[in-house]
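Quick note: the sequence shown uses full-length UniProt numbering, first residue 1, plus one each step.
Beta carbons: idealized from backbone N, C-alpha and C, even for Gly.
As the structure is a prediction and not an experimental result, all values here were calculated from the model.
Have a look at the structure below, then the notes.
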Amino acid sequence: PALVMQAIASFVGGTIGVVLICGFAPLLANFASSFGPSEYFLIIMLGLLLLTTMMGDNRLNGIISALFGFAIAMVGVDSVSGAQRYTFGSPELIGGIYFVPVAIGLFGIGELLYCIYTGQHKRENQRLQFSFRSKDFWPTAKDYISSRFTFIRGSIIGFVAGVLPGSGATIGSILAYSVEKKVAKDPESFGKGEIRGLVAPETANNAASAGAMVPLISLGIPGSGATAVLLGALMMWGLQPGPMLIDSNPDLVWGLVASMYMGNMLLVALSILAIPLFVKFLDIPYRLVVPVIVILCVIGAYALNNSIIETSMLLIMGIVGFGMKLYGYSPAATVLALVLGGMAESTFLQSLIISQGSLAIFVERPISLVLTLVMLTTIGLSVALRLVKKMRTHKVAQSN
1 PALVMQAIAS FVGGTIGVVL ICGFAPLLAN FASSFGPSEY FLIIMLGLLL LTTMMGDNRL
61 NGIISALFGF AIAMVGVDSV SGAQRYTFGS PELIGGIYFV PVAIGLFGIG ELLYCIYTGQ
121 HKRENQRLQF SFRSKDFWPT AKDYISSRFT FIRGSIIGFV AGVLPGSGAT IGSILAYSVE
181 KKVAKDPESF GKGEIRGLVA PETANNAASA GAMVPLISLG IPGSGATAVL LGALMMWGLQ
241 PGPMLIDSNP DLVWGLVASM YMGNMLLVAL SILAIPLFVK FLDIPYRLVV PVIVILCVIG
301 AYALNNSIIE TSMLLIMGIV GFGMKLYGYS PAATVLALVL GGMAESTFLQ SLIISQGSLA
361 IFVERPISLV LTLVMLTTIG LSVALRLVKK MRTHKVAQSN
């Protein structure tokens, strides 16, 4: 029943998220039409700041990961002066480093290397049996009734987390689970098979994926790693997401939203029907899965430009991704910074050109001032919470 409820919760969260997109995306696009370069730069910085501050004790690693992504984004030709940067005389690097081999390397090859390093490839295969006719396969009416408000809370929390650039599905799922546990009359049951503990993060997870589309469509700023990849794909086809996209290409925008709802319908159907099939994948030896994944990753990187440079970058980033995973760095922050790096640089330089080199442009307009204050408040709260945590730890150590 947990797998079935997981599929249903994902469907509900995704559906509510799509409905909220239809309401919020046009409003935000109209509001964003008054944004200037300074506002866009501050929103990008705020998203990356939120991502790094959500990493708990690994905030420094998150900042370093984002800076690494910015460094990769700087490779190529300067958008203002036209000078070559970090190309080392290689003509292949003049056009910059594409995000596709970087993303596949960090998330694909890097994850495989980490699994092999930690010995996950040696785990014993699990053999589970399922039957659609079994009563134990389906959730009970009591499960649905007890989770009716959990569906709504999780969807709203996840959607809001998705709209904030840098937060994403992971943060939304954690927040939804935490809130559900706090409002529950029996919080001690969470973590012991409580169905609401499954529904909350699953609805938030899919709602956050939908919410991440709002800043992409309205502002041209991805709200997650997945939408960062989508942004790159749209730009490769000559489309620039932003406030004018809804007016200039409404068929594309609303077709994309409609496809998300259709995907949700297919998700719940295929997820439930294919549960027995998915379980059988656990019987496939890991030594057979790894080569197939590696081959697909290499083909995907090579097919980008039919160039060995992208393949080499894939392998290099795979090793880097393994190191980042091993030492607690954030590949998601690197990919987001890589995709947003060019936009951040151009908007920052445009702001300075408009203000004739004065940084006051980032606090002169009301929206810029609010965004700057939000960033400073976020940094201040992060530092304060860390100091409070250290003080509490010190007091506990002294009492012992």
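**Message:** Closest to Glu39 by C-alpha separation, out of Met391, Leu381, Val374, would be which residue?
**Reply:** In the sequence shown, the residue the question calls residue 39 occupies position 39. If we check each option's Cα against that of Glu39, Val374 comes out closest.
**Request:** Return the residue from the list Leu369, Val75, Leu349, Ala269 that minimises the CA-CA distance to Val4.
**Result:** Reading the sequence shown from its first residue, position 4 is the one you call residue 4. The closest CA to that of Val4, considering only Leu369, Val75, Leu349, Ala269, is found on Ala269.
**Residue burial classification, Gln398 (beta-carbon count within 10 angstroms, cutoff 16)** = Mapped onto the sequence shown, residue 398 falls at position 398. Gln398 comes out exposed.
**Message:** So, does the region 72 to 80 touch the region 338 to 352, judging by three or more C-beta pairs under 8 angstroms?
**Reply:** Here the region 72 to 80 makes contact with the region 338 to 352; the two share three or more CB pairs at distances below 8 angstroms.
**Message:** For Met324 and Leu198, I'd like the C-alpha separation in whole angstroms.
**Reply:** Looking up residue 324 in the sequence shown gives position 324. Looking up residue 198 in the sequence shown gives position 198. Straight-line Cα distance between these residues: approximately 29 angstroms.
**Prompt:** Going along the chain, which residues of its own chain have a beta-carbon closer than 7 angstroms to the beta-carbon of Ile145, five neighbours each way excluded?
**Reply:** If you number the sequence shown from 1, residue 145 lands on position 145. Excluding positions up to five away in sequence, the list is empty.
**Asked** If you draw a straight line from the alpha carbon of Met265 to that of Gly14, how long is it in whole angstroms?
**Response** The residue given as residue 265 occupies position 265 in the sequence shown. The residue given as residue 14 occupies position 14 in the sequence shown. If I take the Cα positions, the gap works out to 9 angstroms.
**Request:** Go ahead and label Asn206 buried or exposed: buried means 16 or more other beta carbons lie within 10 angstroms of its beta carbon, across all protein chains shown.
**Result:** The residue given as residue 206 occupies position 206 in the sequence shown. Of the residues assessed, Asn206 falls on the buried side of the cut-off, its CB having 16 or more other CB atoms within 10 angstroms.
**Request:** On a CA-only basis, which of Asn58, Ser90, Ile8, Val19 is nearest Ser382? Give me that one, please.
**Result:** Taking the first residue of the sequence shown as position 1, residue 382 is located at position 382. Ser382 has its Cα closest to that of Asn58, out of Asn58, Ser90, Ile8, Val19.
**Message:** Just to confirm the assignment, what range does the alpha helix (DSSP H) spanning Met391 have?
**Reply:** As a first step, residue 391 must be located in the sequence shown, where it is residue number 391. Segment 366 to 399, the alpha helix (DSSP H) holding Met391.
**Val75, DSSP secondary structure in three states** = Along the sequence shown, read from residue 1 onward, the residue named residue 75 stands at position 75. Looking at Val75 - three-state DSSP - the assignment turns out to be coil, as it is neither helix nor strand.
**Request:** Given a cut-off of 9 angstroms, decide if Leu336 and Pro101 are closer than it, judged by their beta-carbon atoms.
**Result:** Within the sequence shown, numbered from 1, the residue matching residue 101 stands at position 101. Within the sequence shown, numbered from 1, the residue matching residue 336 stands at position 336. Cβ distance not < 9 angstroms, so Pro101 and Leu336 don't count as in contact.
**Prompt:** How many angstroms separate the CA atom of Leu27 from the CA atom of Leu314?
**Reply:** As a first step, residue 27 must be located in the sequence shown, where it is residue number 27. As a first step, residue 314 must be located in the sequence shown, where it is residue number 314. Distance between the alpha carbons of Leu27 and Leu314 is about 39 angstroms.
**For Leu106, the first and last residue of its enclosing alpha helix (DSSP H)** = Translated into positions along the sequence shown, residue 106 becomes position 106. Counting along the chain, Leu106 falls outside any alpha helix (DSSP H), and DSSP gives it neither H nor E.
**Item:** Alpha-carbon to alpha-carbon, Phe362 and Gln356
**Value:** Working through the sequence shown from its first residue, we reach residue 356 at position 356. Working through the sequence shown from its first residue, we reach residue 362 at position 362. Cα to Cα, the separation comes out at about 13 angstroms.
**Message:** Residues in the same chain with beta-carbon distance under 8 angstroms from Ile79, minus the five sequence neighbours each way, listed in chain order, please.
**Reply:** Taking the first residue of the sequence shown as position 1, residue 79 is located at position 79. According to the sequence shown, residue 79 is Ser rather than Ile. Here Ser79 has Gly342, Glu345, Ser346, Leu349 as same chain residues with Cβ atoms under 8 angstroms from its own Cβ, once five neighbours each way along the sequence are excluded.
**Prompt:** For the ligand ZN, is there a heavy atom less than 8 angstroms away from the beta-carbon of Pro201?
**Reply:** In terms of ligand content, the structure shown is empty, and the ligand ZN therefore cannot be addressed.
**Message:** Assuming contact is defined by CB atoms lying nearer than 9 angstroms, are Leu20 and Gly321 in contact in what I supplied?
**Reply:** Looking up residue 20 in the sequence shown gives position 20. Looking up residue 321 in the sequence shown gives position 321. In terms of Cβ geometry, Leu20 and Gly321 do not form a close pair [threshold 9 angstroms].
**Asked** Do you know whose CA, among Ile295, Gly242, Ala83, lies nearest Pro37's CA?
**Response** By 1-based counting over the sequence shown, the position of residue 37 is 37. Answer by Cα proximity: Gly242.
**Request:** Measure the Cβ-Cβ separation of Gly211 and Phe151 and say whether it is below 9 angstroms.
**Result:** As a working mapping, residue 211 is identified with position 211 in the sequence shown. As a working mapping, residue 151 is identified with position 151 in the sequence shown. No, they are not a contact pair.
**beta strand (DSSP E) runs contained entirely in the region 327 to 363, provided each spans 3 or more residues** = Those beta strand (DSSP E) runs which fall completely within the region 327 to 363 and span 3+ residues do not exist here.
**Message:** Considering just the uninterrupted stretch of the alpha helix (DSSP H) at Ser248, what are its terminal residues?
**Reply:** The sequence position of residue 248 within the sequence shown is 248, counting from 1. Looking at the DSSP string, the run of the alpha helix (DSSP H) that includes Ser248 is 245 to 248.
**Prompt:** What does a CB cutoff of less than 7 angstroms around Ile8 pick up in its chain, not counting 5 residues either side in sequence?
**Reply:** As a working mapping, residue 8 is identified with position 8 in the sequence shown. The answer, listed in chain order, is Val268.
**Prompt:** Grouping DSSP H, G and I as helix and E and B as strand, with all else coil, what is Gln240?
**Reply:** Here residue 240 is taken as the residue at index 240 of the sequence shown, counted from 1. Reduced to three states, the DSSP call for Gln240 is coil.
**Prompt:** Which term fits Pro276, buried or exposed, when burial requires 16 or more other beta carbons within 10 angstroms of its beta carbon?
**Reply:** For the purposes of this step, residue 276 is taken as residue 276 along the sequence shown, with counting starting at 1. Classification of Pro276: exposed, given that the 10 Å Cβ count is below 16.
**Item:** Segment limits, alpha helix (DSSP H) that includes Ile157
**Value:** Counting from 1 along the sequence shown, the entry for residue 157 is found at position 157. Its alpha helix (DSSP H) spans residues 148 to 163.
**Item:** Beta-carbon proximity of Ala208 to Gly172, cut-off 9 angstroms
**Value:** As a position in the sequence shown, residue 208 is number 208, starting the count at 1. As a position in the sequence shown, residue 172 is number 172, starting the count at 1. Yes, the Cβ-Cβ distance between Ala208 and Gly172 is below 9 angstroms.
**Prompt:** Nearest to Pro215 by alpha carbon, out of Ile43, Phe149, Ser90?
**Reply:** Here the question's residue 215 lines up with position 215 in the sequence shown. When the alpha-carbon of Pro215 is set against those of Ile43, Phe149, Ser90, the nearest one is in Ile43.
**Asked** For the alpha helix (DSSP H) that contains Glu202, what are its first and last residues?
**Response** Stepping through the sequence shown from its first residue, residue 202 is reached at position 202. Run containing Glu202: 196 to 211, per the alpha helix (DSSP H) assignment.
**Buried or exposed by the 16-neighbour rule on C-beta atoms within 10 Å, applied to Pro366** = Position 366 of the sequence shown, counted from the start, is the residue given in the question as residue 366. By the 10 Å Cβ count, Pro366 comes out exposed.
**Asked** For the alpha helix (DSSP H) that contains Asn305, what are its first and last residues?
**Response** Translated into the one-based positions of the sequence shown, residue 305 becomes position 305. Where Asn305 is concerned, the enclosing alpha helix (DSSP H) stretches over 286 to 305.
**Prompt:** Taking C-beta to C-beta, are Ala83 and Ser218 nearer than 9 angstroms?
**Reply:** The residue labelled residue 83 in the question sits at position 83 within the sequence shown. The residue labelled residue 218 in the question sits at position 218 within the sequence shown. Cβ distance not < 9 angstroms, so Ala83 and Ser218 don't count as in contact.
**Item:** Closest Cα partner of Leu162 within the set Ala204, Lys181, Phe149
**Value:** Working through the sequence shown from its first residue, we reach residue 162 at position 162. Checking the sequence shown, residue 162 turns out to be Gly, not Leu. Of the candidates Ala204, Lys181, Phe149, Ala204 places its Cα closest to the Cα of Gly162.
**Item:** Burial state of Cys22 (16 or more Cβ within 10 Å)
**Value:** Translated into positions along the sequence shown, residue 22 becomes position 22. Residue environment analysis places Cys22 among the exposed positions, since fewer than 16 neighbouring C-beta atoms fall within 10 angstroms of its C-beta.
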